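Trainee:
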Amino acid sequence: LELSAIPMSMSEEEEPGLLLVMQDVTAIRRLEKMRSEFVANVSHELKTPVAAVKGFAETLLNGAMDDRETAQSFLTIIHDESDRLNRLIGDILELSKIESRRSPLQFSPVDLYAFLERITEFMSTEATKKNIELELQAEEELFIEADEDRLGQILLNLLQNGINYTPEGGKVKVKAEFVPGTDKEGLEDRVRITVSDTGIGIPRKDLPRIFERFYRVDKARSRSSGGTGLGLSIVKHLAELHHGTIRVESTVGVGSQFILELPLLQP
Ligand code: ADP
333 LELSAIPMSM
343 SEEEEPGLLL
353 VMQDVTAIRR
363 LEKMRSEFVA
373 NVSHELKTPV
383 AAVKGFAETL
393 LNGAMDDRET
403 AQSFLTIIHD
413 ESDRLNRLIG
423 DILELSKIES
433 RRSPLQFSPV
443 DLYAFLERIT
453 EFMSTEATKK
463 NIELELQAEE
473 ELFIEADEDR
483 LGQILLNLLQ
493 NGINYTPEGG
503 KVKVKAEFVP
513 GTDKEGLEDR
523 VRITVSDTGI
533 GIPRKDLPRI
543 FERFYRVDKA
553 RSRSSGGTGL
563 GLSIVKHLAE
573 LHHGTIRVES
583 TVGVGSQFIL
593 ELPLLQP
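Numbering of the sequence shown is given in full-length UniProt numbering, commencing with residue 333 and proceeding in unit increments.
#1: From the DSSP output, in three-state form, read off Ser414 for me.
#2: Which runs of the beta strand (DSSP E), 3 residues or longer, sit entirely within the region 463-500?
#3: Considering only heavy atoms of the ligand ADP, does any lie closer than 7 angstroms to the CB of Leu562?
#4: Counting pairs of beta carbons, one from the region 462-476 and one from the region 495-509, are three or more of them closer than 8 angstroms?
#5: If we count the other Cβ atoms within 10 Å of its Cβ and call it buried at 16 or more, is Thr583 buried or exposed?
#6: Is the beta carbon of Gly533 within less than 7 angstroms of some heavy atom of the ligand ADP?
#7: Inspect the beta-carbon positions of Leu351 and Ala478 and report whether they are closer than 8 angstroms.
#8: Is it true that the CB of Leu427 sits closer than 8 angstroms to the CB of Val382?
#9: Are the beta-carbon atoms of Ser440 and Glu480 separated by less than 8 angstroms?
#10: Taking DSSP as the reference, what is the three-state secondary structure of Glu545?
#11: Quick check on the DSSP output: the alpha helix (DSSP H) that includes Arg553 runs from which residue to which?
#12: Among residues of its own chain, excluding the 5 on either side of Val374, which ones have a beta-carbon nearer than 7 angstroms to its beta-carbon?
#13: Over the uninterrupted alpha helix (DSSP H) stretch that includes Met340, give me the two end residues.
#14: I'd like to confirm the pairing. Which residues does DSSP put opposite Glu509 in its beta bridges?
#15: In the DSSP assignment, the beta strand (DSSP E) including Asp579 goes from what residue to what residue?
#16: Considering only the alpha carbon of each residue, which of Arg555, Thr577 and Glu581 lies closest to Arg419?
#17: Quick one: which unbroken beta strand (DSSP E) runs of 3-plus residues sit fully inside the region 338-399? Chain order, please.
#18: Taking Phe454 as the reference, give the member of Leu437, Ser432, Phe475 and Gly484 with the closest Cα.
#19: What is the rounded straight-line gap between the Cα of Gly349 and the Cα of Leu333?
Right, here's the structure in full:
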């Protein structure tokens, strides 16, 4: 609680009084804390690849250039770390754009079957590279009101994660189905899109934090698969902007399921 006192008097003749204002600043403080934590995290995340680029460039300049093989491998690291920086900056800008509501969503009717076919087709090369089977099982005639680009971002992020965190020879599946509303719980008719994988899974203790910015179960693993730690927080924001929900179920060593529910477009 913050207390402030403002001297005031109603008229010349009256004794001056004090106006006391008591304000609950918990929410404001919490926001301030979250913001400064985010800035600290961003700086830390950006510093790591910059330090690598600088370090390897310096070593090259100090003579490592003369050995062709060493030079080749250092330059590859510099190249990969620059890619990483690019992805990080892209995701940070994306997140800030979504949070500041600077680019409102452009809603239009989306034929879910055709849409999911395009998305899985787009990811099929990535899956094949890891010998992962990518399966689509969707009901036809499912229409939702969505910003197609943003919905695409949600699905691409979930599929990319599914592929990243599933060993070679595994399976990633996208399923779309109609879920009728229930009067009792006041739920409307909706569609459920489930992205499931046969991957490494997520420990139970990490599940509640998985949608937080920069939260990773295994930093090294996320790094090596090119992750930024921001994908799922972007996904969650976008799901909410679509008036939808996203949740996760997972078993270590068996696989994960990300369940996205969106309102149905009423005919
Ligand atoms: P990242 O860029 O690290 O993948 P995300 O925000 O997309 O960041 O995901 C956060 C963390 O959640 C990941 O680092 C990983 O530990 C875990 N995760 C996300 N998707 C999966 C999945 N399909 N299987 C196992 N772990 C996952």
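Every residue gets a Cβ at the ideal spot worked out from N, C-alpha and C, and that includes glycine.
Please read these numbers as outputs of a predicted model, since none were measured by experiment.
Mentor: Walking through what the data contain:
#1: helix
#2: 465-470 and 475-478
#3: yes
#4: yes
#5: exposed
#6: yes
#7: no
#8: no
#9: yes
#10: Inspection of the sequence shows that residue 545 is occupied by Arg rather than by Glu. Arg545 falls in the coil class under three-state DSSP.
#11: Lys551 to Ser556
#12: Ile424
#13: Unbroken run through Met340 is the beta strand (DSSP E), Glu334 to Met340; no alpha helix (DSSP H).
#14: Arg524
#15: Reading the sequence as shown, one finds Arg at residue 579 and not Asp. Residues Thr577 to Thr583.
#16: Arg555
#17: 349-355
#18: Gly484
#19: 22 angstroms
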